[in-house]
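Enquirer: Dumping the structure here so I can ask a few things about it.
In the numbering used here, the protein residues as written are 31 to 196.
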């Protein structure tokens with residue numbers, strides 16, 4: 031997706047937007063990491079102020095996937111930090127989108143991975159192991175399902191039901 035922007039994708043696919051097959055997340059995310067442009071198949075996770083399952087997912091081989099985490103929009107603690115992001119980079123994940131906060135921003139910004147989050151927060155999350163894997167999640171104005179495709183750049187984040195040929 032390095033040569034085609036999300037704006038160009040939207041301009042070229044009005045029928046997919048009208049049908050709901052291509053959706054844009056509301057512009058509420060900060061950009062972190064050294065990879066501002068990334069895309070890949072989505073893996074979903076739903077947690078609240080608990081980072082155990084996030085850490086477990088990022089220990090797995092990413093194979094070019096994007097982890098999309100609905101953290102309930104919590105601004106009370108960070109559910110993602112530098113160590114899991116480094117593991118994600120090393121395990122082949124291309125990106126992580128968090129509907130919540132992150133911490134260790136300088137460390138994350140040194141990683142070759144794309145990260146989007148609402149903001150940063152110095153307090154860490156709990157580890158209770160509570161959450162749901164591979165479930166439909168809804169945030170930033172759209173429903174996101176496991177297996178859909180995410181396209182992100184400096185203009186925003188798109189969700190597509192299928193991989194786009196761009």
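Just so it is clear, CB atoms sit at the ideal spot from N, CA and C, and this is done for glycine as well. Note that the structure is predicted; figures quoted are calculated from it, not measured.
Is it true that the CB of residue 156 sits closer than 9 angstroms to the CB of residue 134?
Expert: no
Enquirer: Going by alpha carbons, who is nearest to residue 59 out of 185, 85, 72 and 142?
Expert: 185
Enquirer: Assign residue 129 to buried or exposed, taking buried as 16 or more other Cβ atoms, counted over all protein chains shown, within 10 Å of its Cβ.
Expert: buried
Enquirer: List the endpoints of the continuous beta strand (DSSP E) containing residue 75.
Expert: Per DSSP, residue 75 belongs to the beta strand (DSSP E) from 68-76.
Enquirer: I'd like the span of the alpha helix (DSSP H) that includes residue 37, first residue to last.
Expert: 36-42
Enquirer: Is residue 32 helix, strand or coil when you go by DSSP?
Expert: Low per-residue confidence applies at residue 32: pLDDT is 45, beneath 50, and the placement is therefore not dependable enough to give any value.
Enquirer: Quick one: Cα of residue 111 to Cα of residue 143, how far?
Expert: 13 angstroms
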